[in-house]
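Student: Residue numbers are given in the working numbering: position 159 of the sequence shown equals residue 254, and the series is strictly consecutive.
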Amino acid sequence: MKSRAGFSQNSLNINTPIKRLLIVSLISTGLIVAGVYFLRLIYPFDHLMIGLGILFVSGSLFFMVNTKYYKLHFNEEPGYISLVESTSWEISPFKIPLKYFTEILMQYTINDRKKPEYEIILKNRFGSMLLVAKFDNEKEAKKFSEKLQSIADLPLTCRNEIELDSIDRKHPFNPYPLFLPEDSGIKTSETRDTAAISWKVKYHPFQVGFILGIYYGFFHILHFAIIPFGRLDAAAIIVIYTALGILLSIIITVIMFSFFGRYYIVVWREEIQIYHQVFGRKYHEQTMKKEDVAIIRSTIDTENETIIIASRKGIGALNNLLKNYTRGRKKIKEMIDIDDVIKLRDEIFRVDVSTLSLVEKLYIDQFILKNF
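(1) Does the beta-carbon of T394 have 16 or more other beta-carbons within 10 angstroms, so that it is buried, or is it exposed?
(2) Throw me the rounded Cβ distance for the I369 and Y359 pair, which I believe falls under 8 angstroms.
(3) Ends of the beta strand (DSSP E) at L200?
(4) Give me whichever residues DSSP pairs with Y164 in a beta bridge.
(5) State whether the stretch 315–333 contacts the stretch 166–175, with contact taken as three or more CB pairs (one from each stretch) at a distance under 8 angstroms.
(6) Within its chain, find whatever has a CB closer than 7 angstroms to the CB of K428; leave out the 5 residues flanking it on each side and keep chain order.
(7) Given a cut-off of 8 angstroms on the beta-carbon distance, is the pair I335 and L317 in contact?
(8) Can you tell which of I199, I176 and L107 has its C-alpha closest to the C-alpha of P192?
(9) If we call anything under 8 angstroms between Cβ atoms a contact, is L167 one with R392?
(10) In the DSSP output, what is H371 paired with across the bridge?
(11) Taking the alpha-carbon of W294 as reference, which of L126, S120, E455 and T124 has the nearest alpha-carbon?
(12) Helix, strand or coil: which one does DSSP assign to K419?
(13) Would DSSP call G340 helix, strand or coil?
(14) Can you check DSSP and say which residues form a bridge with L193?
(15) Only counting the same chain, and skipping five residues up and downstream in sequence, which positions put a Cβ closer than 7 angstroms to that of F301?
(16) By DSSP, does T348 sit in helix, in strand, or in coil?
(17) Would you mind stating whether V164 and S153 have Cβ atoms separated by less than 8 angstroms?
(18) With a threshold of 16 other CB atoms inside 10 Å of the CB of Y298, please say whether the residue is buried or exposed.
(19) Contact between the stretch 413–420 and the stretch 261–271: three or more CB pairs below 8 angstroms?
(20) Quick one: grab the DSSP three-state call for L121.
(21) Take every Cβ of the stretch 198–206, pair it with every Cβ of the stretch 233–249, and state whether three or more of those distances are shorter than 8 angstroms.
(22) Beta carbon of S406, beta carbon of E442: below 8 angstroms?
(23) In the structure shown, what three-state DSSP assignment does L251 receive?
(24) Check the C-beta distance from K229 over to D447 and give it rounded, since I have them as a contact under 8 angstroms.
(25) So V446 is in the beta strand (DSSP E); what residue range does that whole segment cover?
(26) Does the count of Cβ pairs from the stretch 348–355 and the stretch 212–222 closer than 8 angstroms reach three?
(27) Would you tell me roughly how many angstroms separate the C-alpha atoms of A412 and I205, rounded to the nearest one?
(28) For H266, is the classification buried or exposed, using 16 other Cβ atoms within 10 angstroms of its Cβ as the cut-off for buried?
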């Protein structure tokens, strides 16, 4: 879900709006109650109300338990940034030195929907980045950046092109000690030739229950309302139940992957590798030479929680799209070069960190830089 960023005194606040979700969940609960009250009196609308109510209340609750709140308080304790992360399950405070970040970037870019936007990024002196917020409007992005600059006391740089090499390879990286939560699923291993870090993106049992609730909402509407009332023939019924079976198998597969799968980043002497491993089998395996890595970026924007590792070729392809768009070629389809599309897919790695805490994301970021 898209996050909302704002300020209070010397703090940056980032949260996920839940007002609409609360309204949807209340209306959906009303539908369920009404459907049960009028059960068998207004068929098939009684089952339609029950099914839709279960569908939307499960969906809204699923997104509500995924909401996060971040607060970055600058210089609360002299020389430090105090960070607080709040989720549906816990509140996690920690702090990092003010000098951990050295620059604010207002970066013009193109998002996954091939539309231009402005990213507000905190950059540290070794070149890794933390995405803070995104804006469609340049004036809003500029206003936000200047406000962040005033409370963080960091230089602000506005870029229309992305740096082809932001990583500092000249100086050794001295990581700031970060302490992982006791229940963290992050694992590390280091040998003379490799350094590997892995983690799980694991759903909470409540989240699994709400996912199954969404499925049951669809099932209830089809099984108790549409199929009996519509008097469908045997072929149509077979198609519907087959589709429901396929959907359920996909949901179960995703849940199994989340419980038994692990994401890996492996740093070799000359290469960096990412993959998703489930039951010993590797999926989405990608490898990039370390010397080609241009950007390492994490995020506290809740809309798309991934760690991005991009090569110079990938950033070059993205810059080509930016140049074409800036020249006034507003139709994206007209400006896309097939080579650039391939580079965007193959040269920009994305690793899911959606269920990890902020301290875990920064820990992964530091682990990569330390072994770079």
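Cβ atoms here follow ideal geometry from the backbone N, Cα and C, with glycine treated the same way.
Tutor: With the given structure in hand:
(1) Only buried fits T394, as 16 or more other CB atoms lie within 10 angstroms of its CB.
(2) So it is a contact: roughly 7 angstroms between Cβ atoms.
(3) It spans F196 to I205 - the beta strand (DSSP E) in which L200 sits, taken as one unbroken run.
(4) Partner(s): N110 and S181.
(5) Contact between the stretch 315–333 and the stretch 166–175 is absent, because fewer than three Cβ pairs lie under 8 angstroms.
(6) With a pLDDT of only 48 at K428, under 50, the local geometry of the prediction cannot be trusted, and no value is derived from it.
(7) Yes, Cβ-Cβ distance for I335 and L317 is below 8 angstroms.
(8) The option with the nearest alpha carbon to P192 is I176.
(9) Using a Cβ distance threshold of 8 angstroms, L167 and R392 do not count as a contacting pair.
(10) Secondary-structure assignment with DSSP links H371 through a beta bridge to Y358 and Y378.
(11) Ranked by Cα distance from W294, the first of L126, S120, E455 and T124 is E455.
(12) Looking at the sequence shown, residue 419 is not Lys but Asn. Judged by DSSP in its simplified three-state form, N419 adopts helix.
(13) Here G340 sits in helix by DSSP.
(14) Beta-bridge pairing by DSSP links L193 to no other residue.
(15) Answer for F301: V160, listed in chain order.
(16) It is helical.
(17) The question names Val, but residue 164 is Tyr in the sequence shown. With a cutoff of 8 angstroms on beta-carbon distance, Y164 and S153 are scored as not near each other.
(18) Buried.
(19) The stretch 413–420, when compared against the stretch 261–271, does not touch it at the 8 angstroms Cβ threshold.
(20) Under the three-state reduction of DSSP output, L121 falls in the helix class.
(21) Enough Cβ pairs lie closer than 8 angstroms, so yes.
(22) If you check the CB distance, S406 and E442 come in under 8 angstroms.
(23) The three-state reading of DSSP puts L251 in strand, counting E and B together.
(24) Between the beta-carbon of K229 and that of D447 there is about 18 angstroms, and that puts the pair past the 8 angstroms contact cut.
(25) In the DSSP annotation of this structure, the continuous segment of the beta strand (DSSP E) that includes V446 starts and ends at I443 to D447.
(26) Judged by Cβ distances under 8 angstroms, the stretch 348–355 makes no contact with the stretch 212–222, as fewer than three pairs qualify.
(27) Rounded to the nearest whole angstrom, the CA to CA distance from A412 to I205 is 11 angstroms.
(28) Classification of H266: exposed, given that the 10 Å Cβ count is below 16.
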